[in-house]
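K.L.:
To start, I am sharing the structure in question, which I have written as structure tokens.
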Ligand SMILES: Nc1nc2c(ncn2[C@@H]2O[C@H](COP(=O)(O)OP(=O)(O)OP(=O)(O)O)[C@@H](O)[C@H]2O)c(=O)[nH]1
Ligand SMILES: [Mg+2]
């Protein structure tokens with residue numbers, strides 16, 4: 101290399117951009133997400149974050165907190181001037197708004213986490229109900245072996261594919277039944293393990309056969325271990341199982357598969373979350389910091405309710421500000437002073 105030039109270290113350009121103030125921390129973090137994204141949707145969210153969407157989303161919340169802090173600071177600094185800047189009801193109202201904003205952001209992580217990390221979907225059920233057929237159908241490839249012999253699948257088979265832009269790890273499992281056979285029993289243990297580990301479980305039933313006690317047990321067990329959906333497969337044959345509600349599909353003909361996909365997405369992205377692309381956080385670090393903020397805000401609320409002096413209340417508010425600063429960049433004493441003077445016109 102001439103003139104002392106050398107190849108850049110991994111992440112060096114991003115680090116320099118951050119150190120020189122060209123990118124804030126969430127933007128720099130999103131560069132990594134953008135590189136690591138495996139679906140277009142992930143890339144789009146990451147690109148928005150590189151563009152500063154996280155700090156933009158936090159700005160109103162941080163603003164409200166800074167306003168409350170300066171209000172109280174002013175009350176303390178100019179106490180002898182008899183300006184009653186902050187009655188308790190007003191403080192509580194402002195706190196409520198900030199708390200609601202933080203809660204919305206924390207809740208958004210339920211979906212944001214899936215956007216960032218993807219999620220695992222386990223397909224379980226009795227032998228021969230068509231789990232492997234459904235697995236292949238959802239993946240749109242012949243990945244797992246399908247036969248009419250009950251007990252075909254013996255081990256966990258998994259494959260990742262995009263569902264609505266979210267990377268989903270689909271997992272096919274061994275059919276669950278009482279078995280004396282060692283290999284099958286070990287497979288079934290794994291099925292239960294998968295069910296416990298998955299973010300969402302599809303319990304597959306054979307719609308052409310009467311519902312068994314074992315099916316009900318499985319539905320019950322899946323719903324206890326987290327999110328689950330009942331899928332009635334083989335509706336192209338007779339339709340016997342109508343005792344339980346669920347998605348009616350045929351892995352053989354493809355009937356109902358589109359609706360099932362939509363239902364799976366609806367389970368992981370409740371409401372309109374998906375469309376509020378700017379509105380959710382995807383980083384575990386950000387979520388944990390917001391939880392710290394939330395705790396400090398709760399302490400602040402208690403302080404007001406217990407009529408604790410504003411000096412102490414301010415400590416809680418600064419504690420609430422610090423994690424937000426850790427995300428968006430630090431607040432300086434000047435930021436607060438400027439607010440005091442601009443909003444109250446004290447001293448003119
Ligand atoms: N008519 C009809 N047959 C189906 C459907 N889905 C699966 N089958 C048939 O049902 C049989 C069992 O299918 P598999 O997908 O191997 O079932 P499985 O639940 O994975 O079975 P195990 O691995 O043994 O637990 C095969 O003969 C499939 O062709 C369907 O929607 N309609
Ligand atoms: Mg199978």
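Residue numbers (the numbering used here): 101 to 448.
Glycine residues also receive a C-beta, built at the ideal position from the N, C-alpha and C atoms.
1. Indicate, with yes or no, if ligand 2 has a heavy atom lying under 7 Å from the CB of residue 220.
2. Excluding five sequence neighbours on each side, which residues of the same chain lie with their C-beta closer than 8 Å to the C-beta of residue 132?
3. Taking all protein chains shown into account, decide if residue 193 is buried (16 or more other Cβ within 10 angstroms of its Cβ) or exposed.
4. Any idea if residue 140 is buried or exposed, counting beta-carbon neighbours within 10 angstroms, 16 or more meaning buried?
5. Between which two residues does the beta strand (DSSP E) holding residue 261 run?
6. Three Cβ pairs or more, each shorter than 8 Å: is that satisfied between the stretch 401-419 and the stretch 164-179?
7. Which same chain residues end up closer than 7 Å to residue 397 when comparing Cβ atoms and leaving out the 5 residues on each side of it in sequence?
8. To the nearest angstrom, how far is the alpha carbon of residue 120 from that of residue 426?
9. I want to know whether the stretch 244-259 touches the stretch 281-289 - three or more CB-CB distances under 8 Å.
10. Consult DSSP for residue 358 and reduce its assignment to one of helix, strand or coil.
11. Shorter than 7 Å, the distance from the beta carbon of residue 232 to the closest heavy atom of ligand 2, or not?
12. Would you kindly report the start and end of the unbroken beta strand (DSSP E) that includes residue 408?
13. How about residue 278: is its Cβ closer than 7 Å to a heavy atom in ligand 1?
14. Please report how far the alpha carbon of residue 300 lies from the alpha carbon of residue 259, in whole angstroms.
15. So the alpha helix (DSSP H) residue 211 belongs to, where does it begin and stop?
16. Return the Cβ separation of residue 304 and residue 335 in integer angstroms, given the expectation that the two are a contact with Cβ distance under 8 Å.
17. Quick one: using the 10 Å Cβ neighbour count with 16 as the cut-off for buried, is residue 236 buried or exposed?
18. Could you tell me if the beta carbon of residue 253 falls within a distance shorter than 7 Å of some heavy atom in ligand 1?
19. Can you find a heavy atom of ligand 1 that lies under 7 Å from the Cβ of residue 352?
20. Note down the Cα distance separating residue 291 from residue 392, rounded to an integer number of angstroms.
21. Ignore the nearest five residues each way along the sequence and tell me which others in residue 302's own chain have a CB closer than 6 Å to its CB.
22. When DSSP labels each residue in this structure, what does residue 344 get in the three-state scheme?
23. Output the boundary residues of the alpha helix (DSSP H) element that contains residue 323.
24. Within 10 Å of its beta-carbon, does residue 218 have 16 or more other beta-carbons around it, so buried, or fewer, so exposed?
25. Should residue 225 be counted as a contact of ligand 1 given a C-beta to heavy atom distance under 7 Å?
26. Which of the three DSSP states, helix, strand or coil, is assigned to residue 235?
27. Would you say residue 265 and residue 380 are within 8 Å of each other, going by their C-beta atoms?
28. Report yes if the C-beta distance between residue 359 and residue 347 is below 8 Å; otherwise report no.
P.N.:
In short:
1. If you number the chain shown from 1, residue 220 lands on position 120. No, since every heavy atom of ligand 2 falls outside the 7 Å radius drawn around the Cβ of residue 220.
2. Here residue 132 corresponds to residue number 32 of the chain shown, with the count starting at 1. If we look at residue 132 and ignore the five residues flanking it on each side, its Cβ neighbours are 111 and 114.
3. Counted from its first residue, the chain shown places residue 193 at position 93. With fewer than 16 Cβ atoms within 10 Å of its Cβ, residue 193 is classed as exposed.
4. Looking up residue 140 in the chain shown gives position 40. Burial call: exposed.
5. Here residue 261 corresponds to residue number 161 of the chain shown, with the count starting at 1. It spans 257-263 - the beta strand (DSSP E) in which residue 261 sits, taken as one unbroken run.
6. yes
7. Taking the first residue of the chain shown as 1, we reach residue 397 at position 297. Correct list, in chain order: 195, 198, 199, 202 and 420.
8. Translated into the one-based positions of the chain shown, residue 120 becomes position 20. Translated into the one-based positions of the chain shown, residue 426 becomes position 326. The alpha-carbon atoms of residue 120 and residue 426 are separated by roughly 17 Å.
9. Contact between the stretch 244-259 and the stretch 281-289 is present, because at least three Cβ pairs lie under 8 Å.
10. Translated into positions along the chain shown, residue 358 becomes position 258. Helix, per DSSP.
11. Stepping through the chain shown from its first residue, residue 232 is reached at position 132. For ligand 2, at least one heavy atom lies less than 7 Å from the Cβ of residue 232.
12. If you number the chain shown from 1, residue 408 lands on position 308. Counting along the chain, residue 408 falls outside any beta strand (DSSP E), and DSSP gives it neither H nor E.
13. Position 178 of the chain shown, counted from the first residue, corresponds to residue 278. Incorrect: residue 278 has no Cβ contact closer than 7 Å to ligand 1.
14. Along the chain shown, one-based indexing puts residue 300 at 200. Along the chain shown, one-based indexing puts residue 259 at 159. About 15 Å.
15. Position 111 of the chain shown, counting from 1, holds the residue named residue 211. Run containing residue 211: 188-217, per the alpha helix (DSSP H) assignment.
16. Your numbering for residue 304 matches position 204 in the chain shown. Your numbering for residue 335 matches position 235 in the chain shown. Cβ atoms of residue 304 and residue 335 stay farther apart than 8 Å, at about 12 Å.
17. Position 136 of the chain shown holds residue 236. Burial call: buried.
18. Here residue 253 refers to the residue found at position 153 when the chain shown is read from its first residue. Yes, the Cβ of residue 253 comes within 7 Å of a heavy atom of ligand 1.
19. Numbered from 1 along the chain shown, position 252 holds the residue referred to as residue 352. Result yes, Cβ under 7 Å from ligand 1.
20. Counting from 1 along the chain shown, the entry for residue 291 is found at position 191. Counting from 1 along the chain shown, the entry for residue 392 is found at position 292. C-alpha separation (whole angstroms): 37 Å.
21. Taking the first residue of the chain shown as position 1, residue 302 is located at position 202. Taking C-beta separations shorter than 6 Å and ignoring five residues to either side along the sequence, the partners of residue 302 in its chain run 223, 329 and 331, following chain order.
22. Counted from its first residue, the chain shown places residue 344 at position 244. Looking at residue 344 - three-state DSSP - the assignment turns out to be coil, as it is neither helix nor strand.
23. Stepping through the chain shown from its first residue, residue 323 is reached at position 223. First-last of the alpha helix (DSSP H) with residue 323: 313-324.
24. Taking the chain shown and counting its residues from 1, one reaches residue 218 at position 118. With 16 or more other CB atoms across the displayed protein chains lying within 10 angstroms of its CB, residue 218 is buried.
25. Start at 1 with the first residue of the chain shown, and residue 225 comes out as number 125. Yes, the beta carbon of residue 225 sits closer than 7 Å to at least one heavy atom of ligand 1.
26. Looking up residue 235 in the chain shown gives position 135. Three-state DSSP puts residue 235 in a helix.
27. The residue given as residue 265 occupies position 165 in the chain shown. The residue given as residue 380 occupies position 280 in the chain shown. No, they are not a contact pair.
28. Reading the chain shown from its first residue, position 259 is the one you call residue 359. Reading the chain shown from its first residue, position 247 is the one you call residue 347. In this structure, residue 347 lies closer than 8 Å to residue 359 by Cβ.
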